[in-house]
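This report concerns only the one structure given below.
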Amino acid sequence: MTGAVAPARVEARGWAWRHAGRKRWAIEGVDLRIVEGERVLLVGPSGSGKSTLLQALAGVHGGEEEGEESGTLLIDGRPAAEARGRAGLVLQDPDAQVILARVGDDVAFGCENLGVPRDEIWKRVRGALDDVGLRLPLDHPTSALSGGQKQRLALAGALAMRPGLLLLDEPTANLDPDGVEEVVAAVHRVLDRTHATFVVVEHRVDVWLHLVTRLVVLGRDGRLVADGVPARVLAEHRDELLAAGVWVPGAPLPVASAGTPGRSTAEPVLTAEALAIGRRRGAVVREDLHLALPAGTSTVLTGANGSGKSTLALTLGGLLEPLAGRVRPSAALAGGLRHDPVRWRSRDLLTRIGTVFQEPEHQFVASTVRREVAVGPRAARLASGEIERRVDEVLARLRLDHLAAANPFTLSGGEQRRLTVASVLVTRPQLIILDEPTFGQDRVTWTELVTLLRELVDDGVTLLSVTHDTAYRDALGEHHLELRGHQRVGSAR
Amino acid sequence: MHNTTTSTTTTEQPTTRPRTHRWRVVDIVVASVIGVATGLLFLFWNNVGYAWFSAADALTPGLGGIAVGIWLIGGVLGGLIIRKPGAALFVELLAAVVSALVGNQWGIETIYSGLAQGLGAELVFAILAYRRFGLVPAMLAGAAAGAAAWTLELFLSANLQKSPEFLGLYLTTVVVSGAVLAGVLGWVIVRALASTGALSRFAAGQDGAQRV
Amino acid sequence: MSAGPSLRFVDRVNPVTRLAAAILLTTPLLLSVDWLSAALALAVQLVLFAAAGVRPGTLAARCWPILVAAPIAGTSMLLYGSPSGTEYWSFWLARVTDGSIELAIAVAVRVLAIGLPAVLLFMNVDPTELADGLSQIARLPSRFVLGALAGARLVGLFVEDWRAMTLSRRARGIGDHRAVRRFATMAFALLVLAIRRGSKLATAMEARGFGADVDRTWARVSRVGWVDAAMLATAAAIAVAALGAAMWAGTFHPVWS
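Residue numbers (the working numbering), protein chains in the order written: chain A, 17 to 509; chain C, 537 to 748; chain E, 302 to 558.
Written out as C-alpha cells, the structure reads:
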C-alpha cells in the first residue's frame, strides 16, 4: 500500500441511538471529539453501547427500520452514514466476517464495492495482505485460516479500502494468545505506516495499552465517565473500571491462587493408557498418551493451537472414541459400570462425567433457562419433586433464578456460560470437564466463574479444564498437563 | 422443536412502524442463509420425504401429496421473517437451486418448481399487502404454494396423463400438506426463532418482544 | 457442487453457460411423454459425458438419487397413468393397461434424461465463479447474487458446529433416545447460529461498502467464449434431435393431450 490517506476526524454531539422495539436508548448523550491520527481505546460495561457507537461511526448501524437516532455524529464534518468507505470496521467474531471463499477475493470485496478499477484492486489486495503479514497465495481457502489469521484477513479487507478511520470492535476477544499477538502486531504496523485515526473497543486493556494515546470510558447508559491519558484514567477510575469488567492491568484478582497438589496422591478418577486420539478414525492427532486425573483436584490442560487439547478432553469425557489405547475410570467413578466411558449410555454419563463445551450455544436444547437446567435430571429419570428442588438450588447458586423464564439464546455471554455450568452441575457429576471456560469473558464474569469452580473443587469435585488463560491456570492449576510439540503429555508445575 | 409458550406475540396485528419495501443487506444475507439451510433440509427430505411420497404414491392414488409440504416451507419462512416483496419467492427459489445443484432426481426442473412454489406463497403475502404475517396468512401461503406446485406438476411430471380422481385427491393432499407442514410448521419455527433473539434486526423479531 | 474428477471440455465452460445448457437441453424434453425422445436424449448424453471423462463409478456415486427415483416415478405412472388399450390388472383407482405401461416406461427414462445432465454439468462448479457469471454475464442484481453467495458459504461452515452439538447431546444425557427430537433441536440451533452469524456478516459486508449505490467493479472477470457457444449449440441440438425423432417416428406425445 503506497497511497497516503488523510486520517479522519470524528465529532459526536449529543448523539443517541435506540434499537427498534426497545423503550430504552442503547446509548445516549455521547459528546466526543477525536482528532486526526488519535489512537483511542474505548471501554465500558457490557450494554453501554460501545458496539453501537462503533457501527454508527462505520455507517452500518442500520436505517430507520432498525432504530432511531438523535444528535449528530460526524466524520470529517459529514454525517457518518454518508461517509461510508472513510471508516474500516473489524468485528469480534472471526467466522462472521469472512465474506468470500478465497483470501484474495475476500480482501478485494470492499474495493469492488467502492468501484475501484480492477488493476488497482489487485495492487491494493497484495499491499494490504503484506501489511497485515498474511503471506498466503491469493487463492488460499479462507476456511483453512486460524482465528488470528481470519481477523488479520478482515483487517486487510478494511485496509484495502484505504480508510482514514480504523475501528476495531473487540477484535481479539475470541482469540488465543498467539492470535492476539498476531493481530496487535499487525495493527501496530499498519497504524505506524498509515497514521489513520484509530478507535478500539476491548475489555483486555493491557493488549492495546502500549499502542493507544487516549482512554475513553463509557458508563452504563453510554455517557462519558472518563477521558484522558490511559495511565491517568486507569489510576483515577480504577474501581469503576473494575466494576465494569475491564481488565485493569496490575489489579490483583480477587481469587486465591492454586495450592500445591495436596491430594494428588489420591487414586486417579480417570487414567489414560497408550491413548491415541482424533476426531475420526484414521485421523490420529496424538498417540501413546499416558496420564492420570487425580481425584478431587483441579487439573489444567494447556498446549499450542492444534495440539489436540479439545480432542483429548472430549475423549476423556467419554464423548469421542479412543483410536487406540483406553480411558480407564476408577471404580468410584464407574459406579458399577463395567466398560470404559465411551461405552456408557448417554444418561449414565450424567452423574459421572459432565462436559462444558467451549461454545455455550452448541449445548442449548430447551426454550427456557429452567427447562434447560432440567434436561439432565429428566434424562437421569429423577423424581419430579427432586428435579424441581435441584433446579431451584442450582439456579439460585449460579444467580440465574431471575432469568428462569428467559430463552437461553438471549442471555449475555457471562450468563450463557453460567447456564452451561448449571446444567452440568445439576446432575452432580464426579468429574467436570471444561473446554476454554473463560473465552470471551470480562473480568467480572471471569471472577464469578473461577470462584464457583474453586468452590466445587473444595466440595470434592474433580475438574479438568482446557485453557489458554494464564490467570485461570494460576487460580485453578493444582495439577498441570501440557501437550507439547508431538511428545507425550508431560506433567509440569 | 422448541416450545414457545413464553412468547405472547400477536402478529395478526399489522405493524404501525413506517416500513420500506427496499431490501437491506441484512435482509438479503439472512434470506440467503435461510434459503440455503432450507435447501439442505430439502436434500434430506428428497430422500426421507420422497420415500414416503413414492411409497404412498405407488400404492395409493395421490396420498403421496401429504409429504409435499416440507418442500414448500421456504416461501413461508422467507415471507414471515423478511417481510419484503419477493422474499417468499427468493428463499424458496434459492432452496430449490441448492437442492438442484447439489443433485437430486428432478434436475434443473427443481428450479421451475421452486419458482412456482415461491410464486404461490408470494401471491398470498402480496394480496395481504405485506402487512399480515400471522398463522392464517402462513397457512394460506403454504396452501397456495401447494396449489402452484400441483399446477406445475401437471406438466413437469406429466400428471396431465393421470386420471381426474388421482388429480383431485392429489390436489387436496398437497394443499392440506402445504397449509400444515409449510404454513403451521413455518409459523412455529419463526416464533421460536424470534424468542431466541436471533431475529432482533427484523420486524418479525421485534413485534411483542419489548424486553427493555 | 463439490469437486469431482476433472472433465474435459465441460470444466472450461462458464458455470452460467452450464446452467443455460442444462435448461436448454432438458426443458424441451418436458413437452413430450414418450420413450423415444427421452431414450435418445439420454443415450447421446451418456456418450458425451463418457467422452468428457465421466466414468460409470462417478455416475453411480453422483446420480444415485436419480437412478432410484426413475423406477419409482415409473411405478406411479404404471398404476395411475391414463388407461387405454388392454387392461391387465386393476384395484380401486389403480389400473395397469397398455397405455399406462407405455407411459411408465417413458416417464422412467425421462427422469434420467432430465436429471443426469444437471448433476454432471454442475459437478465441478465453484460457487464464486457461478456468482460472478450470474452477475456479470446473466446480469442478475449483484446485491442478491453476492448476498446469496456469502450466505451460502456461511451455511457450509456448519459441519463443525453440527459435530459439537452431537457430542453435547450425548454429554447431556439425551444422546441415545428420541433421535427425531434430537435432530430437530440441533437443526433449530443451527438455524439460530446461522441467522446470528448472517446478521453479523451483513454488518461486516456493509462496512466494506456493500449495498451502497456505487457502481461496483469486478476483481474477477467472468468470460464466455467459443466453448460456451459450442455447449449451448450441443444442448439445443440434442433437444431438437430427440423431439424431431419422436415426431418422425410418431411417438411424440405432448403432456397436454
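Positions of the beta carbon are idealized from the N, C-alpha and C atoms, including for glycine. It should be emphasised that the depicted structure is a prediction, and the values quoted were computed from it without experimental measurement.
Cβ separation of residue i and residue j, assumed to be a contact under 8 Å, to the nearest whole Å
i: T313(A); j: V21(A); result: With a Cβ gap of about 56 Å, T313(A) and V21(A) do not count as contacting.
i: R230(A); j: E54(A); result: 6 Å
i: R220(A); j: G474(E); result: Actually they are not in contact, since the Cβ atoms of R220(A) and G474(E) sit about 36 Å apart, beyond 8 Å.
i: V132(A); j: R142(A); result: Not really, about 14 Å apart at Cβ, beyond 8 Å.
i: G75(A); j: A99(A); result: 6 Å
i: L89(A); j: D185(A); result: Not really, about 16 Å apart at Cβ, beyond 8 Å.
i: P597(C); j: F702(C); result: 4 Å
i: G392(A); j: V358(A); result: Contact flag wrong, Cβ pair sits at about 19 Å.
i: G275(A); j: E498(A); result: In fact, because the Cβ distance is near 19 Å, the residues do not count as touching under 8 Å.
i: I403(A); j: R394(A); result: 6 Å
i: W519(E); j: R118(A); result: 14 Å between Cβ atoms; not a contact.
i: S568(C); j: A449(E); result: 4 Å
i: V203(A); j: V56(A); result: No, V203(A) and V56(A) are not in contact; Cβ-Cβ is about 13 Å, not under 8 Å.
Within chain E, partners of residue i - CB distance below 7 Å
i: Q71(A); result: T504
i: F425(A); result: V493
i: E375(A); result: A465
i: L330(A); result: L468
i: L630(C); result: A449
i: T371(A); result: A472
Beta-ladder partner(s) of residue i, from DSSP
i: T398(E); result: E388(E)
i: D185(A); result: V217(A)
i: V233(A); result: V59(A), A242(A)
i: W31(A); result: V46(A)
i: V106(A); result: L184(A)
i: H495(A); result: T315(A)
i: R100(A); result: A103(A)
i: K698(C); result: G382(E)
i: E431(A); result: The partner list for E431(A) (beta bridge, DSSP) is empty, contrary to what the question assumes.
i: S481(A); result: V316(A), L450(A)
i: G26(A); result: It should be noted that the sequence gives Val, not Gly, for residue 26(A). In the DSSP output, where bridge partners are listed per residue, V26(A) has I50(A), I91(A).
i: E85(A); result: W33(A)
Contact set between residue i and chain C, taken where Cβ atoms lie within less than 9 Å
i: I539(E); result: Those do not exist, as I539(E) stays about 14 Å from chain C at its closest Cβ, beyond 9 Å.
i: A32(A); result: Correct list: empty, because the minimum Cβ distance to chain C is about 15 Å.
Closer than 9 Å at the beta carbon, the chain E residues around residue i
i: W642(C); result: I367, A370, V412, I415, G416, A419
i: G352(A); result: The premise fails here: G352(A) is roughly 17 Å from chain E at the closest Cβ pair, so nothing lies under 9 Å.
Chain A residues whose Cβ lies nearer than 9 Å to that of residue i
i: I475(E); result: S362, R363, V381, V391, G392, R394, A395
i: T556(C); result: G79, E80, E81
Chain C residues whose Cβ lies nearer than 7 Å to that of residue i
i: F423(E); result: L637
i: L404(E); result: Q697
i: G512(A); result: Limits of chain A in this structure are 17 at one end and 509 at the other, which puts residue 512(A) out of reach.
Contacts that residue i makes with chain A (C-beta to C-beta distance below 8 Å)
i: R498(E); result: D109, D111, A112
i: T376(E); result: Simply none; closest approach about 39 Å.
Listed by chain order, chain E residues near residue i by CB distance under 8 Å
i: H378(A); result: D462, A465, M466, S469, A490
i: S314(A); result: Residues of chain E passing the Cβ test: none, with the nearest at roughly 19 Å.
i: R368(A); result: Near R368(A) there are no residues of chain E at all, since even the closest Cβ is about 11 Å away, more than 8 Å.
Interface partners of residue i on chain A, CB under 7 Å
i: T486(E); result: V381
What runs of the alpha helix (DSSP H), each 4 residues or longer, lie entirely inside the segment 285 to 359 of chain A?
325 to 332, 347 to 350, all fully within the segment 285 to 359 of chain A.
Contact set between the segment 326 to 338 of chain E and chain C, restricted to residues whose Cβ is under 7 Å from the partner:
T327, L331, V334
Where the segment 129 to 143 of chain A meets chain E: residues whose CB sits under 8 Å from a CB there
N129, L130, G131, V132, P133, R134, I137, W138, V141
At a CB distance below 9 Å, what residues from the segment 380 to 391 of chain E approach chain C? Give them in sequence order.
L380, Y381, G382, S383, P384
Within the segment 347 to 427 of chain A, note down every full beta strand (DSSP E) run reaching 3 residues or more, in order along the chain.
369 to 372
Taking only beta carbons into account, state which residues of the segment 707 to 737 of chain C come closer than 8 Å to chain A, listed in chain order.
A728, S731, T732, G733, A734, S736, R737
Could you name the residues of the segment 448 to 473 of chain E whose beta carbon sits closer than 7 Å to any beta carbon of chain C, in the order they occur along the chain?
Within the segment 448 to 473 of chain E, contact with chain C at the beta-carbon level (separation under 7 Å) is assigned to G448, A449, A451, G452, A453, L455, V456.
Looking at chain C, which residues of the segment 506 to 532 of chain E have a Cβ within less than 7 Å of any of its Cβ atoms?
M506, E507, F511, G512
Beta carbons nearer than 8 Å to chain C: which residues of the segment 72 to 96 of chain A have them?
Result list: G78, G79, E80, E81, E82.
Contact residues within the segment 561 to 576 of chain C, judged by C-beta distance below 9 Å to chain E:
V561, V562, D563, I564, V565, V566, A567, S568, V569, I570, G571, V572, A573, G575, L576
For the segment 503 to 554 of chain E, list the beta strand (DSSP E) runs that are entirely contained and at least 3 residues long, ordered along the chain.
Runs found: none.
Chain-ordered residues of the segment 675 to 703 of chain C with a beta carbon less than 7 Å from chain E
Residues passing the 7 Å Cβ filter: F691, L692, A694, L696, Q697, K698, S699, E701, F702.
Which residues, in chain order, does the segment 389 to 419 of chain A contribute to contact with chain E at a C-beta distance below 7 Å?
V391, G392, A395, A396
Quick check for students: name the residue ranges of the beta strand (DSSP E) that lie wholly in the segment 561 to 643 of chain C, counting only runs of 3 or more.
none
Check each residue of the segment 651 to 676 of chain C: if its Cβ is closer than 9 Å to any Cβ of chain E, include it; give the result in chain order.
none
Restricting to runs no shorter than 4 residues, where is the alpha helix (DSSP H) found entirely within the segment 329 to 357 of chain E?
336 to 353
When Cβ atoms are compared, which residues of the segment 306 to 324 of chain E fall closer than 9 Å to chain C?
Identification of residues in the segment 306 to 324 of chain E having a C-beta nearer than 9 Å to some C-beta of chain C yields L320, A323, I324, given in sequence order.
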